[in-house]
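*Asks:* Structure in structure tokens, see below.
Structure representation (structure tokens):
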């Protein structure tokens, strides 16, 4: 974990039904843990079955879109809560990195994007492990599940074919949130999966650092813009104030402008009170002042502001 920003990495394990996702994920959870890394699994199939039981259905015979939607919603909540829990528990130099494996088909890019945004929000690493197994192999495995004692995982042929038709393979060139994707062709005995996961997690950390630096750059840019605005505001106010003082001095020198029954000192006090109120109004409506500056030169804006003061009653 030395030099790593990732206290947690969210990894979506996607692919067609019977591609071997659950087998691989369980293998990682069972034997992939180290002194500095902990694999955990969340499965949509498990949530789907539990949701059906909660709805009073012991075992759904057919795909139920309402149960599926409820399970998707519950999965997002559980992922969020687990990542927040891990962030709260992460302390000291000997932190254990959580790799949260979300086991689902994830057929739509929009689904995967949702989790990318969640990882970004919670400052976690993000990656996609794509089980890119041939459709024919997945179809045959699904059909054989009843023979191998795994009939509960078997899905109807029409559901399988619909999944094949709608599945959108991860594509980092088309979807930036999928740039950190590793493909696995077959599960086999797990050879090489450790290296594949290390590479995926290393890239996730690199991408997290890149996003972190980008956010810092944006914040610095916003702070600089604020400083520039304040500097411009002070400059405008100073120059308007200077010109108003010059105009007031000219009015006091011109006896013809002195109101009847008013001494020169009284007139000076009146004009200076007007000047201060006018400068305060400019400061409070600074957005309008900036708009003027963007639509013309600074000199034109200064002349306009001084004329506006002169024409006040």
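In the numbering used here, the protein residues as written are 1499 to 1811. Heads up, the beta-carbon is just placed ideally off N, CA and C, and yes, glycines get one too.
#1: In the structure shown, what three-state DSSP assignment does residue 1631 receive?
#2: Based on Cα-Cα distance, which residue from 1518, 1571 and 1597 lies nearest to residue 1531?
#3: Who are the near neighbours of residue 1687 in its chain, counting only those whose CB is closer than 6 Å to its CB and skipping five residues on each side?
#4: Using the Cα positions of residue 1510 and residue 1721, report the straight-line distance between them to the nearest angstrom.
#5: Leaving out five residues on either side along the sequence, give the residues of the same chain with a beta carbon under 7 Å from the beta carbon of residue 1666.
#6: Measuring CB to CB, does residue 1703 end up less than 7 Å from residue 1625?
#7: With three or more C-beta pairs closer than 8 Å as the rule, is the region 1559 to 1579 touching the region 1626 to 1637?
#8: Residue range of the beta strand (DSSP E) that residue 1537 falls in?
#9: Short of 7 Å in beta carbon distance, which residues of its chain neighbour residue 1652, apart from the five on each side in sequence? Order them along the chain.
#10: Curious, which full-length alpha helix (DSSP H) runs of at least 4 residues does the region 1503 to 1531 contain?
#11: DSSP on residue 1549, reduced to helix/strand/coil?
#12: What is the residue span of the beta strand (DSSP E) that residue 1596 lies within?
#13: Label residue 1658 either buried or exposed according to how many other C-beta atoms from any shown protein chain fall within 10 Å of its C-beta, with 16 as the threshold for buried.
#14: Touch check for the region 1739 to 1755 and the region 1773 to 1783: three-plus C-beta pairs under 8 Å?
#15: Below 8 Å CB to CB, which residues in the same chain sit around residue 1670 once its five sequence neighbours on both sides are set aside?
#16: Return helix, strand or coil for residue 1687, following the three-state DSSP convention.
#17: Do the CB positions of residue 1629 and residue 1524 come within less than 7 Å of each other?
#18: Are the beta-carbon atoms belonging to residue 1777 and residue 1739 less than 7 Å from one another?
#19: Span of the beta strand (DSSP E) holding residue 1681?
#20: Note down, in chain order, each residue of its chain lying with its Cβ closer than 6 Å to the Cβ of residue 1527, except the 5 sequence neighbours on either side.
#21: Go through its chain and collect everything with a Cβ distance to residue 1755's Cβ below 7 Å, but skip five positions before and after it.
#22: When the Cα atoms are used, what is the spatial distance from residue 1548 to residue 1587?
#23: Keeping to the same chain, check which residues put their C-beta closer than 8 Å to that of residue 1512; ignore five residues upstream and five downstream.
#24: Taking buried to mean at least 16 other C-beta atoms within 10 Å of its own C-beta, is residue 1734 buried or exposed?
#25: In chain order, what residues of the same chain lie with their CB nearer than 6 Å to the CB of residue 1581, ignoring the 5 residues before and after it?
#26: Compare the beta carbon distance of residue 1569 and residue 1599 with 7 Å and say whether it is the shorter of the two.
#27: What three-state label does DSSP hand residue 1807 in the structure shown?
#28: Suppose you measure from the CA of residue 1728 to the CA of residue 1780; what does that come to, to the nearest Å?
#29: State the DSSP-derived secondary structure class of residue 1819, mapped to helix, strand or coil.
#30: Looking at residue 1633 and residue 1662, is the spacing between their C-beta atoms short of 7 Å?
#31: Helix, strand or coil: how does DSSP classify residue 1500 here?
#32: Is it the case that the Cβ atoms of residue 1807 and residue 1742 are separated by a distance below 7 Å?
#33: Pull the bridge partners of residue 1625 from the DSSP assignment, please.
*Replies:* Checking against the coordinates, here is how it stands:
#1: coil
#2: 1597
#3: Because residue 1687 carries a pLDDT of 48, less than 50, the predicted location of this residue cannot be relied on, and the following value inherits that uncertainty. Once the five neighbours on either side are set aside, residue 1687 has no close Cβ partner at all.
#4: When the Cα atoms are used, residue 1510 and residue 1721 turn out to be separated by approximately 36 Å.
#5: Cβ within range, chain order: 1605, 1606 and 1607.
#6: Not a contact, by the Cβ cut-off of 7 Å.
#7: With a cut-off of 8 Å, the region 1559 to 1579 and the region 1626 to 1637 do not count as touching, because too few Cβ pairs lie within range.
#8: 1535 to 1541
#9: 1640, 1643 and 1644
#10: As summarised for the region 1503 to 1531, the continuous alpha helix (DSSP H) elements at least 4 residues long and confined to that stretch are 1519 to 1529, given in chain order.
#11: helix
#12: Annotation: the continuous beta strand (DSSP E) that includes residue 1596 extends over 1595 to 1601.
#13: buried
#14: Verdict: yes, contact present.
#15: 1676, 1677, 1678 and 1679
#16: Interpretation of residue 1687 is limited by its pLDDT of 48, a score under 50 that renders its predicted location unreliable; the figure taken from the coordinates is listed afterwards. DSSP places residue 1687 in coil when its eight states are reduced to three.
#17: no
#18: yes
#19: Note, residue 1681: beta strand (DSSP E), 1679 to 1682.
#20: 1537 and 1539
#21: Exclusion of the five residues before and after residue 1755 leaves 1749 as the residues of its chain whose Cβ lies within less than 7 Å of its Cβ.
#22: Taking the straight line from one Cα to the other gives about 28 Å.
#23: Closer than 8 Å at the Cβ level, and outside the excluded window around residue 1512, lie 1519, 1602, 1603, 1604, 1605, 1610, 1626, 1627, 1628, 1629 and 1668.
#24: buried
#25: 1506, 1620 and 1622
#26: Not in contact: residue 1569 and residue 1599 (Cβ atoms no closer than 7 Å).
#27: helix
#28: 13 Å
#29: Since the first residue shown for the chain is 1499 and the last is 1811, residue 1819 is missing from the structure and cannot be characterised.
#30: yes
#31: With a pLDDT of 47 at residue 1500, under the threshold of 50, the modelled position of that residue is not reliable, and the figure given next carries that caveat. Here residue 1500 sits in coil by DSSP.
#32: yes
#33: 1509
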